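Sequences listed follow chains A and B, in order. At position 161 of the first sequence (counting the first as 1) the number is 161 in my numbering, and the numbers step up by one without a gap. In my numbering, each residue carries its 1-based index in the second sequence increased by 206.
2 protein chains.
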Amino acid sequence: MAKKIPEKVVSRLTFYHSIVSEFIEQNKKNITSSQLAQRLNIDDSQVRKDFKLLNEVGRCRVGYCTKDLKENIEKTLGFSNKRNAFIVGAGHLGLALAKYDKFDNYGLNILALFDNDPLKIDMQINEKKIYHIAKLPELACELNVDIAILTVPKPFAQDVADFLIESGIRYIWNFTPCVLNAPEHIKVWNENLMASFLQFACKEID
Amino acid sequence: MAKKIPEKVVSRLTFYHSIVSEFIEQNKKNITSSQLAQRLNIDDSQVRKDFKLLNEVGRCRVGYCTKDLKENIEKTLGFSNKRNAFIVGAGHLGLALAKYDKFDNYGLNILALFDNDPLKIDMQINEKKIYHIAKLPELACELNVDIAILTVPKPFAQDVADFLIESGIRYIWNFTPCVLNAPEHIKVWNENLMASFLQFACKEID
Chain A
1 MAKKIPEKVV SRLTFYHSIV SEFIEQNKKN ITSSQLAQRL NIDDSQVRKD FKLLNEVGRC
61 RVGYCTKDLK ENIEKTLGFS NKRNAFIVGA GHLGLALAKY DKFDNYGLNI LALFDNDPLK
121 IDMQINEKKI YHIAKLPELA CELNVDIAIL TVPKPFAQDV ADFLIESGIR YIWNFTPCVL
181 NAPEHIKVWN ENLMASFLQF ACKEID
Chain B
207 MAKKIPEKVV SRLTFYHSIV SEFIEQNKKN ITSSQLAQRL NIDDSQVRKD FKLLNEVGRC
267 RVGYCTKDLK ENIEKTLGFS NKRNAFIVGA GHLGLALAKY DKFDNYGLNI LALFDNDPLK
327 IDMQINEKKI YHIAKLPELA CELNVDIAIL TVPKPFAQDV ADFLIESGIR YIWNFTPCVL
387 NAPEHIKVWN ENLMASFLQF ACKEID
């Protein structure tokens, strides 16, 4: 990403990207700011303001050209900077994330999963293999992976995080409900489902 | 929630809550703002500023009393306002969310799951039963549920959302990668994993 874009704008740009992709699948050549705004229940002017952050906005006679708009969002959000990652924990959440095809489109390549359950080792999920966790240090080095998506059960979260850090992982996207202890040079991004829910519940539900 | 609390503060309060709960489990009676700050890699002063939003801060001789602090965060974030919800889609993500015990603590009661796969119907997951989706309108009415957590595969997302709305669901927490079409009186909260990742990737990874 060339410029620093506020978090909420990044979020909206990914939604615009989804809607525009859908329009392209339906062979629609144009999209208007009202069509985008209506779908997200926001104001037209918000959409136009967000688009000022795009490198080129791809405006055409009737609204925006869907193809150009999609490309510009991808360029602005840096989808082409490919990053390799491992999923650590092949439970329901790990498997759900391994099957989440959108990661690929957005520049996140999940190369493999890791678990300690012998029954899961060597299984394939969405063309990604599940390895024993003991193989992680070797594969992280070999495949040059420094991002791990952590989806192990809560009681193991800290121990597994420590092991990842020893194995050369520098970025942990933490889906466990633990707040991990990590040295300062390790970046931990806590995915906070409960905060999302509380926001939703407080804002919208009387 | 009595006062309007900014999104980022809600997020941090839930993290403080996790850390304080862990201290209580370890029988620790006190916690300092530095202990909280260090764990989240933020500044002490941020923690103290956030605590000004709590109803009572539970300050004691050495930092804060863990028990009081936990209760105050719960009160401030309204964890005691119980809300009932259904999970719609019993794939990996639906099952992962059904097993996410934290929802209970935070006031979200998942009462049941729904799917259309005959092999899954009547299975139990974390003491919650999976019903055929056709049963949803009746059960939503009977159990007074108007929140649905949508975790079906992308191609079915819009049709299932339409069905939920016809069935009396008014709040949809959307985990599918679709931006749903919904009438204005229906509140849709789009969980945006990709935006999280892009934030993480842009801020932290060179």
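Built from N, CA and C at the ideal position, the CB exists for glycine as well. Everything numeric in this text was worked out from a predicted model, so none of it was measured.
Selection from A:Ala112, A:Ser196, A:Ser18 that minimises the alpha carbon distance to Pro137 of chain A: Here the question's residue 137 of chain A lines up with position 137 in the first sequence. A check of alpha carbon separations from Pro137 of chain A across A:Ala112, A:Ser196, A:Ser18 identifies A:Ala112 as the nearest.
Integer Cβ distance of Val268 of chain B from Asn233 of chain B, believed to fall under 8 Å: In the second sequence, residue 268 of chain B corresponds to position 62, counting from 1. In the second sequence, residue 233 of chain B corresponds to position 27, counting from 1. Rounded, the Cβ-Cβ distance is 15 Å, inconsistent with contact.
Any chain A beta carbon closer than 7 Å to Pro343 of chain B: In the second sequence, counting from the first residue as 1, residue 343 of chain B sits at position 137. Not an interface residue.
Chain B within 7 Å of Gln35 of chain A, Cβ atoms only: Against the first sequence, residue 35 of chain A aligns to sequence position 35. Against chain B, the CB of Gln35 of chain A has no partner CB under 7 Å away; the residue lies outside that interface.
4-residue-minimum alpha helix (DSSP H) runs that sit fully inside the stretch 80-148 of chain A, ordered along the chain: Qualifying alpha helix (DSSP H) stretches, in chain order: 92-98, 102-105, 136-143.
Where Leu283 of chain B falls: helix, strand or coil (DSSP): Against the second sequence, residue 283 of chain B aligns to sequence position 77. The three-state reading of DSSP puts Leu283 of chain B in helix, counting H, G and I together.
Closer than 7 Å to chain E by CB, Met194 of chain A: Given the protein chain composition of this structure (A and B), no chain E is represented.
Residues bridged to Lys393 of chain B (per DSSP): Taking the second sequence and counting its residues from 1, one reaches residue 393 of chain B at position 187. For Lys393 of chain B, which the question treats as bridged, DSSP gives the partners B:Tyr377.
Limits of the alpha helix (DSSP H) - the one that Val226 of chain B falls within: By one-based count along the second sequence, residue 226 of chain B stands at place 20. It spans 213-231 - the alpha helix (DSSP H) in which Val226 of chain B sits, taken as one unbroken run.
Integer Cβ distance of Gly94 of chain A from Thr151 of chain A, believed to fall under 8 Å: Counted from its first residue, the first sequence places residue 94 of chain A at position 94. Counted from its first residue, the first sequence places residue 151 of chain A at position 151. The pair is a contact, with the Cβ atoms about 4 Å apart (cut-off 8 Å).
Any 3 or more C-beta pairs closer than 8 Å across the stretch 358-377 of chain B and the stretch 4-16 of chain A: Segments in contact, no.
One or two residues paired with Leu275 of chain B in a DSSP bridge: In the second sequence, residue 275 of chain B corresponds to position 69, counting from 1. Note: Leu275 of chain B sits in no beta bridge, so no partner.
Short CB-CB distance (under 7 Å) between Tyr106 of chain A and chain B: Indexing the first sequence from 1 puts residue 106 of chain A at position 106. Taking Cβ atoms only, chain B reaches closer than 7 Å to Tyr106 of chain A, which makes this a yes.
Burial state of Cys141 of chain A (16 or more Cβ within 10 Å): Working through the first sequence from its first residue, we reach residue 141 of chain A at position 141. Label assigned to Cys141 of chain A: exposed.
Interface positions of the stretch 247-268 of chain B facing chain A (Cβ-Cβ less than 9 Å), listed along the chain: Within the stretch 247-268 of chain B, those residues whose Cβ lies closer than 9 Å to any Cβ of chain A are, in chain order, Asn247.
Ile31 of chain A (DSSP reduced to helix, strand or coil): Taking the first residue of the first sequence as position 1, residue 31 of chain A is located at position 31. DSSP places Ile31 of chain A in strand when its eight states are reduced to three.
The stretch 72-86 of chain A: positions lying closer than 8 Å to chain B by Cβ: Cβ contacts with chain B come from Leu77, Gly78, Asn81, Arg83.
Residues sharing a beta bridge with Leu150 of chain A, DSSP: Here residue 150 of chain A corresponds to residue number 150 of the first sequence, with the count starting at 1. As computed with DSSP, Leu150 of chain A is found in a beta bridge with A:Val88, A:Asn174.
Residue of A:Asp101, A:Val88, A:Lys154, A:Ile169 minimising C-alpha distance to Ile133 of chain A: Residue mapping note: residue 133 of chain A aligns to position 133 of the first sequence, counting from 1. Nearest of A:Asp101, A:Val88, A:Lys154, A:Ile169 to Ile133 of chain A, Cα basis: A:Val88.
Sufficient close CB pairs (3 or more, under 8 Å) joining the stretch 382-394 of chain B to the stretch 32-52 of chain A: They touch, by the three-pair rule.
6 Å Cβ shell around Val253 of chain B - same chain, five flanking residues per side excluded: Residue numbering aside, residue 253 of chain B sits at position 47 when the second sequence is read from its first letter. The answer, listed in chain order, is Ser239, Leu242, Ala243.
Below-7 Å beta-carbon distance, Val145 of chain A vs any chain B residue: Translated into the one-based positions of the first sequence, residue 145 of chain A becomes position 145. For Val145 of chain A, the closest Cβ of chain B is not nearer than 7 Å.
Beta-carbon gap between Ile331 of chain B and Ala302 of chain B smaller than 7 Å: On the second sequence, residue 331 of chain B is found 125 positions in, with the first residue counted as 1. On the second sequence, residue 302 of chain B is found 96 positions in, with the first residue counted as 1. Cβ atoms of Ile331 of chain B and Ala302 of chain B: not closer than 7 Å.
Bridge partners - Arg265 of chain B, DSSP secondary structure assignment: One-based indexing of the second sequence puts residue 265 of chain B at position 59. Partner(s): B:Tyr270.
Assigned exposure category for Asp206 of chain A - 16 Cβ within 10 Å defines buried: Here residue 206 of chain A is taken as the residue at index 206 of the first sequence, counted from 1. Confidence at Asp206 of chain A is low in this model, with a pLDDT of 44, below 50, so the placement of that residue is unreliable and no value is reported for it.
For Ala354 of chain B, the nearest candidate out of B:Asn278, B:Lys326, B:Phe221, B:Arg289 (CA to CA): For the purposes of this step, residue 354 of chain B is taken as residue 148 along the second sequence, with counting starting at 1. Nearest C-alpha to Ala354 of chain B: B:Arg289.
Local conformation of Leu193 of chain A per DSSP, three classes: Taking the first residue of the first sequence as position 1, residue 193 of chain A is located at position 193. Collapsing the DSSP output to three states places Leu193 of chain A in a helix.
Residue-level contact to chain A via CB, Val216 of chain B, 7 Å cutoff: Residue numbering aside, residue 216 of chain B sits at position 10 when the second sequence is read from its first letter. Yes, because at least one Cβ of chain A sits closer than 7 Å to the Cβ of Val216 of chain B.
CA-to-CA distance, Ala90 of chain A to Phe200 of chain A, given in whole angstroms: Taking the first sequence and counting its residues from 1, the one referred to as residue 200 of chain A is at position 200. Taking the first sequence and counting its residues from 1, the one referred to as residue 90 of chain A is at position 90. So the two alpha carbons sit approximately 29 Å from each other.
Near-chain B residues of the stretch 14-25 of chain A - C-beta to any C-beta below 7 Å: The residues in question are Thr14, Phe15, Ser18, Ile19.
For Lys49 of chain A, the three-state DSSP class (helix, strand or coil): Walking along the first sequence from the start, residue 49 of chain A turns up at place 49. The three-state reading of DSSP puts Lys49 of chain A in helix, counting H, G and I together.
Reference Asp104 of chain A; option with closest CA among B:Ile225, B:Val385, B:Ile327, B:Leu404: Along the first sequence, read from residue 1 onward, the residue named residue 104 of chain A stands at position 104. The candidate whose alpha carbon is nearest that of Asp104 of chain A is B:Leu404.
Rounded C-alpha distance that separates Leu139 of chain A from Lys102 of chain A: In the first sequence, counting from the first residue as 1, residue 139 of chain A sits at position 139. In the first sequence, counting from the first residue as 1, residue 102 of chain A sits at position 102. Approximately 24 Å between the Cα atoms of the pair.
First through last residue of the alpha helix (DSSP H) which encompasses Val160 of chain A: Within the first sequence, the letter at position 160 stands for residue 160 of chain A. Segment 157-166, the alpha helix (DSSP H) holding Val160 of chain A.
Chain A residues whose Cβ lies nearer than 7 Å to that of Glu397 of chain B: What you label residue 397 of chain B is simply residue 191 of the second sequence in a count that begins at 1. Result: Ser196.
Beta-carbon spacing of Leu53 of chain A, Ile110 of chain A below 7 Å: For the purposes of this step, residue 53 of chain A is taken as the residue at position 53 of the first sequence. For the purposes of this step, residue 110 of chain A is taken as the residue at position 110 of the first sequence. Not a contact, by the Cβ cut-off of 7 Å.
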